[in-house]
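Have a look at the structure below before the remarks.
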Amino acid sequence: PASVVKAWSAAPAWKELAATTPRASELRAKLPTLRGNLETAVKNYILIALGTDLPQLPGIAVHLELEEMVRAGMLTYQALISGTTFGGSYLGLPKRLGTIETGRIADLVVLDADPAVDVRNTRTISMVVKHGRIFKPKDLLKAANQ
Numbered sequence: 002p003a004s005v006v007k008a009w010s011a012a013p014a015w016k017e018l019a020a021t022t023p024r025a026s027e028l029r030a031k032l033p034t035l036r037g038n039l040e041t042a043v044k045n046y047i048l049i050a051l052g053t054d055l056p057q058l059p060g061i062a063v064h065l066e067l068e069e070m071v072r073a074g075m076l077t078y079q080a081l082i083s084g085t086t087f088g089g090s091y092l093g094l095p096k097r098l099g100t101i102e103t104g105r106i107a108d109l110v111v112l113d114a115d116p117a118v119d120v121r122n123t124r125t126i127s128m129v130v131k132h133g134r135i136f137k138p139k140d141l142l143k144a145a146n147q
């Protein structure tokens, strides 16, 4: 909805956005438990596929999830792999998704900074390549508002 896109576009920080979304207080109350569960999974070498069930935070939820994974003890590259290679395997499509190779489905997010150096660099989106078409973030936001 346009109201969510407007809030997302205007929010200088995710905490401010989270405070304006439905169920924000419920999400904040669950965060310590969710973090504890994630830390336990990481310590026990459980493979985790990146995926978010926070539709109240469109766009930024995946970035937050990656940051939480690193905070819970994952190495940055492990968190990044959880959103690529493991995602394809989790969906039962390991030969079609998850890596960039000839013949695979490979939508891309091109960044201006290296996420292996700092996982927060996933927020430095230069462009999105989807089905072979290039999209700039500002154009995607503009389209969402129409």
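Note that the numbering used here gives residue 30 to position 29 of the sequence shown, counting from 1, and the numbers run on in steps of one.
Built from N, CA and C at the ideal position, the CB exists for glycine as well.
Chain-order list of residues whose beta-carbon lies under 6 Å from that of residue i (same chain, five-residue window excluded)
i: L109; result: V130
Nearest-angstrom Cα separation, counted from residue j out to residue i
i: A114; j: K137; result: 16 Å
i: M70; j: A144; result: 31 Å
i: G52; j: V63; result: 7 Å
i: A89; j: A30; result: In the sequence as presented, Ala is not what sits at residue 89; that position holds Gly. Looking at the two C-alpha atoms, the distance is approximately 31 Å.
i: E68; j: E102; result: 27 Å
i: R134; j: T86; result: 22 Å
Nearest candidate by alpha-carbon position, reference residue i, set the options
i: T77; options: R121, R105, I47 and I106; result: R121
i: Q118; options: L142, H132 and Q79; result: One detail in the question is off: residue 118 reads as Val in this sequence, not Gln. Closest option to V118, Cα to Cα, is Q79.
i: K139; options: R105, I126 and G133; result: I126
i: G84; options: A42, P33, R72 and L98; result: L98
i: G74; options: T86, Y91, I61 and I47; result: I47
Local Cβ density within 10 Å of residue i, reported as buried at 16 or more and exposed below that
i: P33; result: exposed
i: E66; result: buried
i: I106; result: exposed
DSSP bridge partner residues for residue i (one or two, in chain order)
i: R134; result: K131
i: D120; result: Checking the displayed sequence, the identity of residue 120 turns out to be Val instead of Asp. Answer by DSSP bridge pairing: none, since V120 is not bridged.
i: V110; result: V129
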